[in-house]
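All remarks here apply to the structure that follows.
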Amino acid sequence: MRQVFFYMAFFLIYLSSGAQTSPKYALVIHGGAGVMSEKSMTSEIQNEYLRVLNKALQVGDSVLLHGGTCLDAVEKTIIILEDSPLFNAGKGAVFTHEGTIELDASVMDGKTLAAGAVSGIKDIRNPISLARTVMEKSEHVFLTGIGASQFAVEQGFKTVENSYFFTEKRYKSLQELLKKEREPATGDKHGTVGCVALDTFGNIAAGTSTGGMTNKKYGRVGDSPVIGAGTYANNQTGGFSCTGHGEFYIRLGFSRDISAMMEYRKMNIRKACRAEIDKLTKMGGTGGVIGLDRKGNIAMEFNTSGMFRGYIKSNGEKEVAIFK
Ligand code: ASP
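Per the working numbering: the sequence shown = residues 1 to 324.
Take a look at the structure:
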């Protein structure tokens with residue numbers, strides 16, 4: 001009898017120590033991957049990035065802490081990043097060849113596999129909210145351009161002037177590229193934003209928002225609003241949000257491929273994300289991906305010199321980083 005009591009007490013201590021218990025919720029974000037070095041970024045600029053990344057994590061954390069859903073957490077977190085001029089999403093997005101801003105975004109619900117996406121948005125302040133509204137209030141998955149804006153207005157969204165999104169920094173990037181007349185759509189390779197959240201109900205959602213690539217032409221759309229490329233979520237595997245050279249991500253079916261490796265080959269999330277990044281590298285593409293699974297395990301993989309990134313978990317684990 002004494003022995004039984006001893007084992008029970010031991011088991012209770014083991015459980016309460018948190019060993020093997022998954023966090024109740026978790027949230028991971030990115031603010032774009034690309035060529036960046038500690039030397040090329042002043043400490044003030046680094047601190048400013050870290051400040052906004054921390055703020056975004058706090059906002060998501062507070063939604064999840066108070067029992068909010070993963071979709072609410074993803075949307076509210078991404079809004080912080082869209083509203084910041086630092087990132088290539090919402091205000092501060094990169095310019096098209098014509099000197100306008102065209103935004104893409106998507107969101108996916110890992111419980112139901114419902115998804116919503118928009119592209120070529122010129123007049124809606126927070127494209128991530130519009131993507132969610134497409135998912136929840138329309139019978140479609142993907143709306144583009146003028147039609148998407150018409151839908152937004154019908155749903156009660158206020159429109160903004162395209163100039164609301166303009167920043168001096170991105171305008172200069174376009175001018176530099178136009179002057180060099182390099183490849184049609186490169187430069188300013190970082191700043192897309194994304195978020196994946198696991199809520200206290202065990203559900204996963206993922207979202208991504210971007211201005212695409214500087215100097216893009218002809219209505220070019222990247223991977224960010226393409227479900228299975230830049231964004232994917234499935235409670236059975238995990239949720240993912242990507243950043244990088246979108247054409248490669250579309251061709252790889254990037255995030256859906258990661259989910260498939262986890263589902264069919266039983267790979268863990270970090271290994272699967274790493275394997276997909278290796279495929280990207282072999283094809284000559286650059287970028288990164290963030291993800292989390294239903295146990296709250298986090299992946300933040302990239303093949304560039306840096307990726308703005310961070311995560312937070314209900315057990316107090318937290319990290320924010322820029323460089324490799
Ligand atoms: N993936 C985005 C696109 O190709 C750009 C980026 O993440 O930097 O549109």
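All C-beta atoms, glycine included, are put in the ideal place defined by N, C-alpha and C.
Buried or exposed: where does residue i fall if 16 or more other Cβ atoms within 10 Å of its Cβ makes it buried?
i	result
residue 278	exposed
residue 67	exposed
residue 261	buried
residue 258	buried
residue 113	exposed
residue 170	buried
residue 140	exposed
residue 121	buried
residue 95	buried
residue 264	exposed
residue 207	buried
residue 35	exposed
residue 99	exposed
residue 75	buried
residue 283	exposed
residue 172	exposed
residue 146	exposed
residue 191	buried
residue 281	exposed
residue 60	buried
residue 256	buried
residue 323	exposed
residue 316	exposed
residue 129	buried
residue 19	Only weak support exists for where residue 19 lies, its pLDDT of 48 falling under 50; the value from the coordinates is given anyway. Per the 10 Å Cβ criterion, exposed.
Which same chain residues, not among the five before or five after residue i, have their C-beta less than 6 angstroms away from its C-beta?
i	result
residue 295	22
residue 299	269, 270, 273 and 291
residue 302	33 and 288
residue 132	75, 107 and 116
residue 297	269
residue 41	none
residue 314	23, 24 and 25
residue 17	Confidence in residue 17 is poor, its pLDDT being 49 and thus under 50, which makes the residue's placement unreliable; the coordinate value appears in the next sentence. Excluding positions up to five away in sequence, the list is empty.
residue 237	259, 262 and 263
residue 285	245 and 248
residue 318	312
residue 162	100, 101 and 122
Please report the Cβ distance between residue i and residue j, rounded to the nearest whole angstrom; I am assuming they are in contact, meaning their Cβ atoms lie under 8 angstroms.
i	j	result
residue 166	residue 101	7 angstroms
residue 311	residue 26	7 angstroms
residue 235	residue 110	4 angstroms
residue 70	residue 177	Actually they are not in contact, since the Cβ atoms of residue 70 and residue 177 sit about 37 angstroms apart, beyond 8 angstroms.
residue 249	residue 229	5 angstroms
residue 92	residue 308	Not quite, the Cβ-Cβ distance comes to about 13 angstroms (not below 8 angstroms), so this is no contact.
residue 85	residue 142	About 27 angstroms separates the two Cβ atoms, so there is no contact after all.
residue 327	residue 56	Given that the chain is displayed from residue 1 to residue 324, the structure contains no residue 327 and the question cannot be resolved.
residue 37	residue 305	6 angstroms
residue 217	residue 97	4 angstroms
residue 205	residue 253	With 8 angstroms as the limit, residue 205 and residue 253 do not qualify as a contact, their Cβ atoms being about 20 angstroms apart.
residue 193	residue 87	5 angstroms
Between residue i and the rest of its own chain, which residues show a CB-CB distance below 8 angstroms, the 5 nearest in sequence each way excluded?
i	result
residue 159	123, 124, 149, 152 and 153
residue 137	155
residue 127	82, 89, 90, 103, 104, 105, 118, 121 and 209
residue 320	50, 53, 54, 57, 309 and 310
residue 202	235 and 294
residue 251	283
residue 144	118, 119, 120 and 221
residue 164	91 and 125
residue 80	52, 55, 56 and 59
Output needed for residue i: all residues of its chain with C-beta closer than 7 angstroms, excluding positions within five of it in sequence on either side, in chain order.
i	result
residue 200	24, 25, 64 and 67
The ligand MN and residue i: does the residue's C-beta get closer than 8 angstroms to at least one heavy atom of that ligand?
i	result
residue 283	Of the ligands one can find in the structure shown, namely the ligand ASP, none is the ligand MN.
Exercise. Using 8 angstroms as the threshold, is the region 285-293 in touch with the region 241-250, meaning 3 or more CB pairs across them?
Worked result: The region 285-293 is in contact with the region 241-250.
Exercise. Are there three or more Cβ pairs, one per stretch, closer than 8 angstroms when the region 213-225 is compared with the region 44-52?
Worked result: The answer is no - the region 44-52 does not touch the region 213-225, with fewer than three Cβ pairs under 8 angstroms.
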